[in-house]
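Position one of the sequence shown corresponds to residue 51 (this note's numbering), numbered consecutively onward. From the three backbone atoms N, C-alpha and C, an ideal C-beta is built for every residue, glycine too. Treat the numbers as computed from the prediction; the structure is a model and nothing was measured. Take a look at the structure set out below.
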Amino acid sequence: MPQGGDILPVIEGIMIERIKQSTIKITTRSVKILIDPFEAPGDPVDLILITHNHYDHCDKECIEKVRKKDTVIIGSETCPREIDGIEIMKPNETREIHGVRIESVHAYNLNKPFHRKGECLGYVINIEGKRVYHAGDTDRIPEMKALGDIDIAMLPVGGKYTMDADEAAAAVNEDIKPKVAIPMHYGDVVGSSADAYRFKDLCETEVVIL
51 MPQGGDILPV
61 IEGIMIERIK
71 QSTIKITTRS
81 VKILIDPFEA
91 PGDPVDLILI
101 THNHYDHCDK
111 ECIEKVRKKD
121 TVIIGSETCP
131 REIDGIEIMK
141 PNETREIHGV
151 RIESVHAYNL
161 NKPFHRKGEC
171 LGYVINIEGK
181 RVYHAGDTDR
191 IPEMKALGDI
201 DIAMLPVGGK
211 YTMDADEAAA
221 AVNEDIKPKV
231 AIPMHYGDVV
241 GSSADAYRFK
251 DLCETEVVIL
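Right, dumping it as C-alpha coordinates:
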(Lines of atoms letter the chains of each structure in order from A and count residues from 1; the text may use other names and numbers.)
(Lines give C-alpha, C1' and ligand atoms only; values in the text may rest on other atoms or scores of the structure.)
Protein backbone atom coordinates (compact mmCIF):
# COMPACT_ATOMS: atom_id res chain seq x y z
CA MET A 1 0.00 0.00 0.00
CA PRO A 2 1.40 3.46 -0.84
CA GLN A 3 2.53 5.36 2.23
CA GLY A 4 3.85 8.53 0.58
CA GLY A 5 7.38 9.23 -0.53
CA ASP A 6 7.05 7.63 -3.96
CA ILE A 7 7.95 9.76 -6.97
CA LEU A 8 6.10 9.54 -10.23
CA PRO A 9 6.63 11.30 -13.57
CA VAL A 10 2.88 11.79 -14.06
CA ILE A 11 3.31 14.04 -17.07
CA GLU A 12 6.52 14.44 -19.04
CA GLY A 13 8.77 17.06 -17.51
CA ILE A 14 6.97 17.19 -14.15
CA MET A 15 7.90 14.94 -11.22
CA ILE A 16 5.42 14.72 -8.37
CA GLU A 17 6.07 13.27 -4.91
CA ARG A 18 3.52 12.93 -2.10
CA ILE A 19 5.63 12.99 1.02
CA LYS A 20 2.75 12.56 3.49
CA GLN A 21 -0.70 14.01 4.16
CA SER A 22 -1.07 16.88 1.67
CA THR A 23 2.66 17.58 1.42
CA ILE A 24 3.48 17.54 -2.27
CA LYS A 25 6.80 18.21 -3.98
CA ILE A 26 6.82 19.19 -7.65
CA THR A 27 10.12 19.11 -9.52
CA THR A 28 10.96 20.21 -13.04
CA ARG A 29 14.29 20.88 -14.71
CA SER A 30 14.19 24.49 -13.54
CA VAL A 31 12.24 24.68 -10.28
CA LYS A 32 11.37 22.78 -7.09
CA ILE A 33 8.07 23.51 -5.33
CA LEU A 34 6.93 22.24 -1.92
CA ILE A 35 3.23 22.51 -1.04
CA ASP A 36 1.98 22.29 2.56
CA PRO A 37 5.31 21.46 4.24
CA PHE A 38 4.96 18.80 6.94
CA GLU A 39 7.89 16.66 8.11
CA ALA A 40 9.48 16.80 4.66
CA PRO A 41 13.16 15.96 4.02
CA GLY A 42 15.52 18.93 4.00
CA ASP A 43 16.04 19.13 0.24
CA PRO A 44 16.13 22.87 -0.64
CA VAL A 45 13.27 24.20 -2.78
CA ASP A 46 12.64 27.37 -4.77
CA LEU A 47 9.01 27.96 -3.83
CA ILE A 48 6.87 26.99 -0.83
CA LEU A 49 3.08 27.18 -1.06
CA ILE A 50 1.06 26.93 2.17
CA THR A 51 -2.72 26.47 2.01
CA HIS A 52 -3.42 27.34 5.68
CA ASN A 53 -1.98 27.39 9.17
CA HIS A 54 -2.79 23.89 10.54
CA TYR A 55 0.31 22.09 11.78
CA ASP A 56 0.16 19.34 9.15
CA HIS A 57 0.24 21.95 6.38
CA CYS A 58 2.45 24.67 7.86
CA ASP A 59 5.34 23.01 9.71
CA LYS A 60 7.67 25.90 10.56
CA GLU A 61 10.58 23.61 11.40
CA CYS A 62 10.23 21.94 8.02
CA ILE A 63 10.04 25.32 6.28
CA GLU A 64 13.35 26.39 7.81
CA LYS A 65 14.98 23.13 6.68
CA VAL A 66 13.99 23.45 3.02
CA ARG A 67 14.21 27.19 2.42
CA LYS A 68 17.17 28.82 0.68
CA LYS A 69 18.21 32.44 0.67
CA ASP A 70 16.04 33.11 -2.38
CA THR A 71 13.14 30.74 -1.62
CA VAL A 72 9.77 32.42 -2.05
CA ILE A 73 7.11 31.50 0.53
CA ILE A 74 3.42 32.05 -0.23
CA GLY A 75 0.63 31.46 2.28
CA SER A 76 -2.97 32.23 3.15
CA GLU A 77 -4.05 34.93 5.60
CA THR A 78 -4.12 32.38 8.42
CA CYS A 79 -0.40 31.61 8.12
CA PRO A 80 1.90 32.86 10.89
CA ARG A 81 3.50 36.21 10.12
CA GLU A 82 6.61 35.10 12.02
CA ILE A 83 7.59 32.98 9.02
CA ASP A 84 10.26 35.32 7.74
CA GLY A 85 9.49 36.79 4.32
CA ILE A 86 6.12 35.10 3.84
CA GLU A 87 3.94 36.67 1.17
CA ILE A 88 0.19 36.47 1.72
CA MET A 89 -2.27 35.67 -1.05
CA LYS A 90 -6.05 35.85 -0.96
CA PRO A 91 -8.36 33.73 -3.13
CA ASN A 92 -8.49 34.68 -6.81
CA GLU A 93 -5.07 36.29 -7.01
CA THR A 94 -2.18 35.51 -9.37
CA ARG A 95 1.60 35.70 -8.95
CA GLU A 96 4.48 34.94 -11.31
CA ILE A 97 7.38 33.36 -9.38
CA HIS A 98 10.52 31.75 -10.83
CA GLY A 99 8.75 31.52 -14.18
CA VAL A 100 5.77 29.71 -12.62
CA ARG A 101 2.29 31.25 -12.65
CA ILE A 102 0.48 30.67 -9.35
CA GLU A 103 -3.29 31.13 -9.08
CA SER A 104 -4.84 31.11 -5.60
CA VAL A 105 -8.33 29.63 -5.39
CA HIS A 106 -10.91 29.00 -2.69
CA ALA A 107 -10.71 26.04 -0.29
CA TYR A 108 -13.27 25.69 2.49
CA ASN A 109 -15.80 23.50 4.29
CA LEU A 110 -19.48 23.71 3.45
CA ASN A 111 -20.95 22.22 6.64
CA LYS A 112 -17.92 21.71 8.87
CA PRO A 113 -16.23 24.21 11.21
CA PHE A 114 -12.61 23.51 10.33
CA HIS A 115 -11.87 25.67 7.25
CA ARG A 116 -13.90 28.81 6.72
CA LYS A 117 -14.34 30.47 3.34
CA GLY A 118 -11.65 33.04 2.61
CA GLU A 119 -9.18 31.75 5.22
CA CYS A 120 -7.63 28.85 3.30
CA LEU A 121 -6.35 28.44 -0.23
CA GLY A 122 -5.97 25.96 -3.02
CA TYR A 123 -3.48 26.62 -5.81
CA VAL A 124 -3.42 26.18 -9.56
CA ILE A 125 0.19 25.97 -10.67
CA ASN A 126 0.93 26.70 -14.31
CA ILE A 127 4.17 24.86 -15.03
CA GLU A 128 5.78 23.25 -18.07
CA GLY A 129 2.70 24.09 -20.10
CA LYS A 130 0.44 22.18 -17.66
CA ARG A 131 -2.07 23.26 -15.03
CA VAL A 132 -1.66 21.47 -11.70
CA TYR A 133 -4.33 21.89 -9.01
CA HIS A 134 -3.65 21.37 -5.30
CA ALA A 135 -7.05 21.64 -3.63
CA GLY A 136 -5.90 22.26 -0.06
CA ASP A 137 -8.24 21.28 2.77
CA THR A 138 -11.66 21.60 1.21
CA ASP A 139 -15.03 20.09 0.57
CA ARG A 140 -16.49 19.76 -2.90
CA ILE A 141 -17.25 23.43 -3.52
CA PRO A 142 -18.98 25.25 -6.41
CA GLU A 143 -15.79 27.09 -7.37
CA MET A 144 -14.29 23.84 -8.65
CA LYS A 145 -16.46 24.09 -11.75
CA ALA A 146 -14.70 27.32 -12.72
CA LEU A 147 -11.10 26.10 -12.52
CA GLY A 148 -10.79 25.67 -16.27
CA ASP A 149 -8.63 23.00 -17.89
CA ILE A 150 -6.71 21.02 -15.26
CA ASP A 151 -4.09 18.45 -16.21
CA ILE A 152 -3.33 17.11 -12.72
CA ALA A 153 -5.67 17.47 -9.72
CA MET A 154 -4.61 16.61 -6.17
CA LEU A 155 -7.61 16.24 -3.87
CA PRO A 156 -8.13 15.36 -0.18
CA VAL A 157 -9.97 12.08 0.35
CA GLY A 158 -9.64 11.35 4.08
CA GLY A 159 -12.96 12.81 5.23
CA LYS A 160 -13.77 14.42 8.61
CA TYR A 161 -11.85 17.69 8.02
CA THR A 162 -12.30 17.61 4.22
CA MET A 163 -14.36 15.82 1.60
CA ASP A 164 -14.21 12.04 1.62
CA ALA A 165 -13.35 9.71 -1.25
CA ASP A 166 -16.89 9.68 -2.65
CA GLU A 167 -17.17 13.48 -2.65
CA ALA A 168 -13.70 13.89 -4.13
CA ALA A 169 -14.50 11.43 -6.92
CA ALA A 170 -17.70 13.33 -7.69
CA ALA A 171 -15.67 16.54 -7.91
CA VAL A 172 -13.28 14.87 -10.35
CA ASN A 173 -15.99 13.31 -12.50
CA GLU A 174 -18.46 16.18 -12.61
CA ASP A 175 -16.63 19.42 -11.79
CA ILE A 176 -12.89 19.39 -12.48
CA LYS A 177 -12.46 16.63 -15.07
CA PRO A 178 -8.65 16.51 -14.95
CA LYS A 179 -6.49 14.25 -17.07
CA VAL A 180 -4.92 12.73 -13.94
CA ALA A 181 -6.14 12.75 -10.31
CA ILE A 182 -4.00 12.13 -7.21
CA PRO A 183 -5.55 11.49 -3.76
CA MET A 184 -4.01 13.16 -0.70
CA HIS A 185 -4.75 14.06 2.94
CA TYR A 186 -4.91 10.49 4.19
CA GLY A 187 -2.68 8.07 6.04
CA ASP A 188 -1.43 10.26 8.92
CA VAL A 189 -3.87 12.57 10.70
CA VAL A 190 -7.01 11.12 9.13
CA GLY A 191 -8.01 8.48 6.60
CA SER A 192 -6.10 5.51 5.21
CA SER A 193 -4.96 4.00 1.94
CA ALA A 194 -8.42 2.41 1.68
CA ASP A 195 -9.79 5.91 1.03
CA ALA A 196 -7.30 6.43 -1.78
CA TYR A 197 -8.27 3.14 -3.44
CA ARG A 198 -11.99 3.85 -3.10
CA PHE A 199 -11.36 7.22 -4.77
CA LYS A 200 -9.55 5.44 -7.58
CA ASP A 201 -12.39 2.96 -8.04
CA LEU A 202 -14.97 5.75 -8.28
CA CYS A 203 -13.09 8.10 -10.61
CA GLU A 204 -13.68 8.03 -14.35
CA THR A 205 -10.25 9.51 -15.13
CA GLU A 206 -6.73 8.14 -14.55
CA VAL A 207 -5.85 8.05 -10.83
CA VAL A 208 -2.30 7.77 -9.55
CA ILE A 209 -1.83 6.83 -5.87
CA LEU A 210 1.42 8.04 -4.32
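From the options, pick the residue whose C-alpha is nearest to that of residue i; which is it?
i	options	result
Leu80	Asp86, Val95 and Lys70	Note that residue 80 is Ser in the sequence shown here, rather than Leu. Nearest of Asp86, Val95 and Lys70 to Ser80, Cα basis: Val95.
Lys162	Asp187, Pro91 and Glu127	Asp187
Ala215	Ala231, Ile200, Asp201 and Ile202	Ala231
Val207	Ala219, Asp201, Asn142 and Asp199	Ala219
Cys112	Met65, Lys140, Glu143 and Lys70	Lys70
Pro130	Lys229, Lys118 and Asn103	Asn103
Using 7 Å as the threshold, is the C-beta distance between residue i and residue j below it?
i	j	result
Leu252	Arg68	no
Asp106	Val239	yes
Asn176	Arg151	yes
Glu169	Thr128	yes
Glu153	Gly63	no
Ile123	Ile136	yes
Ile85	His184	yes
Could you check how far apart the C-beta atoms of residue i and residue j are, in whole angstroms? I think they sit under 8 Å.
i	j	result
Val205	Met234	In the sequence as presented, Val is not what sits at residue 205; that position holds Leu. Contact holds; Cβ gap of about 7 Å.
Using the three-state DSSP reduction, which class does residue i fall into: helix, strand or coil?
i	result
Leu84	strand
Ile61	strand
Ser242	coil
Leu252	helix
For residue i, which residues does DSSP report across the bridge?
i	result
Ile133	Bridge partners of Ile133: none, in fact.
Leu99	Ile85 and Ile124
Arg190	None, per the DSSP bridge assignment.
Tyr77	The question names Tyr, yet the displayed sequence has Thr at residue 77. According to DSSP, which records beta bridges pairwise, Thr77 is partnered with Met65 and Lys82.
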